[in-house]
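Numbering (the working numbering), first residue to last: 24 to 440.
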């Protein structure tokens, strides 16, 4: 048994799928920003920074591994330890041949050292490495934020131009209707050729403006495509909500960079304190040579021997104590400078935000007034067309004054906060 599906249902299903795909194909501003940031070459630096941090931390951790050194030396001395003359005489009378230590001495050995406590130096170095890497990443975030601003400018420029194209096309439709009416009136003898030419010229002017605007829109879309790494020439851009957020807290990567600088500065204070602490470690030495640790045996004969030595060693250098106060003072001054930079940034951002909010509210008021102006001009146009039909006024009175670009609706230097 076979079932036949009506062709109309197949067509309707296909149309619904196409319509659903068109609705879901709209690209939002945040999606454009995300694609642009992922496609921007600067993103590759994040991976490089991560690898650099891993190498630095690996080197710091390897400082706790046993340190092994191999050495060899040969020396000639003008004097060496020996027996007193009285004891030498006694040994000679007893028939013992004592040569004493030789002036030529030589040995080859291995020395092993293991850090037990480094006074917190490795911990402070790891903290410095981590905070320095965070500071570098925050600096990249600031650079990458400029990409967001450029994407926003392109995105809103495209939306503005395409809305203006829609208005121009509506105006072109109206002018074409009036042109057709004017041609009919000329045929009936109620209008002159110059009136038709004037209306046609206005149609061509609007058509030129539409062509130029579409060219600008395509150029901006190509630039947006280069940033995002995708073809944006046919994508539908979703108009974002025009509501002003109630929370106007500043959320900029520059603040994260200042916080990272402050943390890096605090980590450097830890290295200053760690430099004053003692170091404790284990060491072991083994060498084969002459003389050995048993000097008496080496005096009796000059044969090479194996010697071992191990123990605990503590070292404490107080040289950094001389510069400790100056280094801490310098770091505190750096912290104060970071605090001042933060206050300056917040002040400038607040001033810019207040200016932009004032501009936005002014534009909102203008839009409300423009709605009324459009309504009144529509009534005037309809009345003029009626008078033209009755031959009361000439054609110049019905030609609308179309302004394609309205600069007062453009926000200059728009930045997110």
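All residues carry an ideal CB built from backbone N, CA and C; glycine is no exception.
Less than 8 Å separating the beta-carbons of residue i and residue j?
i           : j           : result
residue 222 : residue 201 : yes
residue 364 : residue 281 : yes
residue 240 : residue 192 : no
residue 291 : residue 344 : no
residue 276 : residue 161 : yes
residue 126 : residue 93  : no
residue 443 : residue 96  : An answer regarding residue 443 cannot be provided, because it is not within the stretch 24 to 440 covered by the chain.
residue 297 : residue 147 : yes
residue 177 : residue 235 : no
residue 58  : residue 228 : no
residue 138 : residue 87  : yes
residue 321 : residue 110 : no
residue 312 : residue 130 : yes
residue 122 : residue 347 : no
residue 293 : residue 150 : yes
residue 195 : residue 230 : yes
residue 198 : residue 217 : no
residue 183 : residue 63  : no
Just to check my reading of the structure: residue i and residue j have Cβ atoms closer than 8 Å, yes? What is that Cβ distance to the nearest angstrom?
i           : j           : result
residue 309 : residue 132 : 6 Å
residue 301 : residue 128 : About 33 Å separates the two Cβ atoms, so there is no contact after all.
residue 175 : residue 52  : 7 Å
residue 145 : residue 90  : Not quite, the Cβ-Cβ distance comes to about 14 Å (not below 8 Å), so this is no contact.
residue 181 : residue 260 : 6 Å
residue 60  : residue 165 : Rounded, the Cβ-Cβ distance is 13 Å, inconsistent with contact.
residue 68  : residue 163 : 6 Å
residue 273 : residue 380 : Actually they do not touch by this definition, with Cβ atoms about 13 Å apart.
residue 12  : residue 79  : A question about residue 12 goes unanswered here, because the residues of the chain that appear run from 24 up to 440.
Determine the DSSP secondary structure at residue i, reduced to helix, strand or coil.
i           : result
residue 255 : coil
residue 273 : coil
residue 202 : helix
residue 445 : The structure shown does not extend to residue 445, since the chain is modelled only from 24 through 440, so no value can be given for it.
residue 25  : Per-residue confidence for residue 25 stands at a pLDDT of 39, beneath the threshold of 50, marking its modelled position as unreliable; the derived number appears in the next sentence. The answer is coil: DSSP assigns residue 25 none of H, G, I, E or B.
residue 57  : helix
residue 337 : strand
residue 101 : coil
residue 162 : helix
residue 332 : strand
residue 38  : Confidence at residue 38 is low in this model, with a pLDDT of 46, below 50, so its placement is unreliable and the value that follows should be read with caution. Helix at residue 38.
residue 63  : coil
residue 345 : coil
residue 106 : coil
residue 44  : In this prediction, residue 44 has a pLDDT of 43, which is less than 50 and means its spatial position is unreliable; what the coordinates show is noted afterwards. It is helical.
residue 293 : helix
residue 86  : helix
residue 238 : helix
residue 68  : helix
residue 124 : coil
Which partner residues of residue i appear in the DSSP bridge assignment?
i           : result
residue 135 : 91 and 307
residue 260 : 50
residue 142 : For residue 142, which the question treats as bridged, DSSP gives no partner whatsoever.
residue 312 : 130 and 328
residue 96  : 130
residue 148 : None; residue 148 has no bridge partner.
residue 302 : 338
Closer than 8 Å, CB to CB, is residue i near chain D or not?
i           : result
residue 207 : Looking for chain D here will not work: only one protein chain is present.
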